[in-house]
Amino acid sequence: MLWLVLACLLSGFIAASIFLIEKIPALEPAKRFTPVLSVPVGLFSIMVGIIKFFSPSVDFRATKDGVKYLMDTSAAMIFLGDLMPAIAAILAGMVCSVSLLKFINIDQEKKNSIESKLSMWKVPIGLLAIIAGLVHLVTWDKAFF
92 MLWLVLACLL SGFIAASIFL IEKIPALEPA KRFTPVLSVP VGLFSIMVGI
142 IKFFSPSVDF RATKDGVKYL MDTSAAMIFL GDLMPAIAAI LAGMVCSVSL
192 LKFINIDQEK KNSIESKLSM WKVPIGLLAI IAGLVHLVTW DKAFF
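Residue numbers (our numbering): 92 to 236.
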């Protein structure tokens, strides 16, 4: 649970850092760390997002007798619990690690196209990842329906 929250919050902050630093001047010292941490955090976020996308959390709870049972989870629980934050972590990780495109053997025109599309969505994806991480932190064990 906390790995996905950490991946969403870190990659979301790095992706939306231009916007966040502009709006919150107290975050100005973070400006020198975001380029350095962008690729490692992006790769970490992609890895955690893929793992959580294909293996959502299974919630075991203990009863009064000490017997464990599987919590009945609804579709909304799985969507808010793992699917939405996992997709947000993957997208934010892709945005953060876009500089790795220089090592991929494709046409420069395609690289520029991918970079421009990802940079256009950098701030919205970063803010989405931060929100998804916070929602996941607060609601990961709540069944809504």
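Virtual Cβ for every residue (Gly too), placed ideally from N, Cα, C.
Comparing C-alpha distances from Pro215 to each of Glu200, Leu192 and Leu111 shows the shortest one belongs to Leu111. Between Ser102 and Gly184, the C-beta spacing is below 8 angstroms. Apart from the 5 residues on each side of it in sequence, Ala106 sits with its Cβ closer than 6 angstroms to the Cβ of Ala183, Val186, Cys187, Lys213, Ile216 and Gly217 in its chain, given in chain order.
In the structure shown, Asp198 adopts coil according to DSSP, grouped into three states. Ala98 is classed as buried because its beta carbon has at least 16 other beta carbons within 10 Å across all chains shown. Ser190 and Val130 have their alpha carbons spaced roughly 7 angstroms apart. Just so you know, the alpha carbons of Gln199 and Leu209 end up roughly 15 angstroms apart.
A direct Cα-Cα distance of roughly 18 angstroms separates Met138 from Ile195. Per DSSP, reduced to three states, the secondary structure at Ala107 is coil, with no helix or strand assignment. With 16 or more other Cβ atoms from the protein chains shown falling within 10 Å of its own Cβ, Pro176 counts as buried.
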